[in-house]
Amino acid sequence: MKTFKILTLLAAMVLTFSACETDVVDPAGLRNEGVIPTISKLDPASFDINDPANTFIKFDVDVTSAVSEVTYVVSYNYNEKGLLRVPVKNSTIFPAKDVIIYMHEAAAALGMPLDSVNPGDVFTIELLTKQGQKTYRSSAVINAAAVCAYDPEMVSGAYKAVSSDWGVDGPI
Numbered sequence: 000m001k002t003f004k005i006l007t008l009l010a011a012m013v014l015t016f017s018a019c020e021t022d023v024v025d026p027a028g029l030r031n032e033g034v035i036p037t038i039s040k041l042d043p044a045s046f047d048i049n050d051p052a053n054t055f056i057k058f059d060v061d062v063t064s065a066v067s068e069v070t071y072v073v074s075y076n077y078n079e080k081g082l083l084r085v086p087v088k089n090s091t092i093f094p095a096k097d098v099i100i101y102m103h104e105a106a107a108a109l110g111m112p113l114d115s116v117n118p119g120d121v122f123t124i125e126l127l128t129k130q131g132q133k134t135y136r137s138s139a140v141i142n143a144a145a146v147c148a149y150d151p152e153m154v155s156g157a158y159k160a161v162s163s164d165w166g167v168d169g170p171i
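Residue numbering for the sequence shown follows numbering that gives the first Met the number 0, beginning at 0 and increasing consecutively.
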């Protein structure tokens with residue numbers, strides 16, 4: 000009986016290890032192929048809604064030597080309007096210093112008038128990298144909101160917070 004149990008266990012182990020599949024086709028496709036660009040020195044990072052013709056965002060982009068071109072693709076209010084991605088600029092020399100994208104360039108690429116941009120609207124800028132004949136969409140993204148410019152005159156002074164729910168009654 001002891002020999003039978005050992006032989007059964009041995010046969011089960013052989014069947015278990017020989018049934019392993021070694022060639023699995025990944026349904027997600029190839030991995031670790033694309034290069035994620037580095038976005039740095041993002042300043043300013045938002046568009047001034049009060050000066051739509053002159054406002055811009057500026058940043059630096061760096062990639063590895065395998066990348067021959069970076070295309071900057073813009074979309075507008077993605078969550079509300081759906082997916083419309085339009086190329087707005089290209090870079091072929093890296094590191095790309097002081098890449099500037101004006102709000103009027105982004106709006107023109109999307110085919111929309113500047114006066115339709117409201118405070119709180121967001122322009123999303125994505126970077127597509129080209130390596131050889133393949134183009135990769137990376138996770139390098141800039142969400143540039145259209146905001147009112149900071150005015151120190153509007154925020155200077157003494158403020159007092161009052162809230163019965165939070166137990167606050169005093170200066171900030």
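Every residue gets a Cβ at the ideal spot worked out from N, C-alpha and C, and that includes glycine.
Residue from the options whose Cα sits closest to the Cα of residue i
i, options, result
"Lys-129", "Met-102, Ser-64 and Val-121", "Ser-64"
"Val-60", "Leu-109, Asp-47, Leu-9 and Leu-126", "Leu-126"
"Asp-97", "Glu-32, Thr-134, Pro-170 and Ser-39", "Ser-39"
"Asp-47", "Val-140, Tyr-158, Leu-113 and Ser-163", "Leu-113"
"Met-102", "Leu-83, Tyr-75 and Val-161", "Tyr-75"
"Gly-33", "Thr-91, Gln-132, Met-0 and Lys-159", "Gln-132"
"Val-87", "Val-167, Ala-106 and Pro-94", "Ala-106"
"Val-140", "Arg-84, Gly-169 and Thr-2", "Arg-84"
"Phe-58", "Ser-45, Pro-51, Leu-41 and Thr-2", "Leu-41"
"Lys-159", "Met-153, Ala-11 and Pro-170", "Pro-170"
Extent of the continuous alpha helix (DSSP H) to which residue i belongs
i, result
"Ser-17", "1 to 17"
"Pro-86", "Here Pro-86 belongs to no alpha helix (DSSP H); instead the beta strand (DSSP E) covers 85 to 90."
"Glu-152", "151 to 154"
Boundaries (first-last residue) of the beta strand (DSSP E) holding residue i
i, result
"Ala-95", "95 to 101"
"Val-60", "55 to 61"
"Asn-142", "133 to 146"
"Val-69", "68 to 75"
Cβ pair residue i, residue j closer than 8 Å
i, j, result
"Asn-89", "Val-66", "no"
"Lys-100", "Tyr-135", "Before going on, a small fix: residue 100 reads as Ile here, not Lys. Not a contact, by the Cβ cut-off of 8 Å."
"Val-146", "Pro-118", "yes"
"Asn-49", "Ala-148", "yes"
"Ala-173", "Ala-44", "This structure gives no information on residue 173, because the portion of the chain shown stretches from 0 to 171."
"Ala-51", "Val-154", "It should be noted that the sequence gives Pro, not Ala, for residue 51. It is not a contact, given that the beta carbons lie outside the stated cut-off."
"Phe-93", "Val-62", "yes"
Test: residue i CB closer than 8 Å to a CB of chain C
i, result
"Val-24", "Of the protein chains in this structure there is only one, and it is not chain C."
Same chain only: Cβ atoms within 6 Å of residue i, ignoring 5 sequence neighbours per side
i, result
"Val-161", "Asp-168"
Close-in-space but distant-in-sequence residues of the same chain around residue i (CB under 8 Å, 5 per side omitted)
i, result
"Ser-137", "Gly-33, Val-34, Ile-35, Pro-36, Glu-125, Leu-126, Leu-127 and Thr-128"
"Asp-120", "Tyr-75, Asn-76, Ala-144 and Ala-145"
"Met-111", "Tyr-75"
"Ala-108", "Val-73, Val-85, Pro-86 and Val-87"
"Pro-26", "none"
"Ala-95", "Asp-59, Val-60, Asp-61 and Val-69"
Own chain partners of residue i with C-beta closer than 7 Å, once the 5 adjacent residues on each side are dropped
i, result
"Pro-151", "none"
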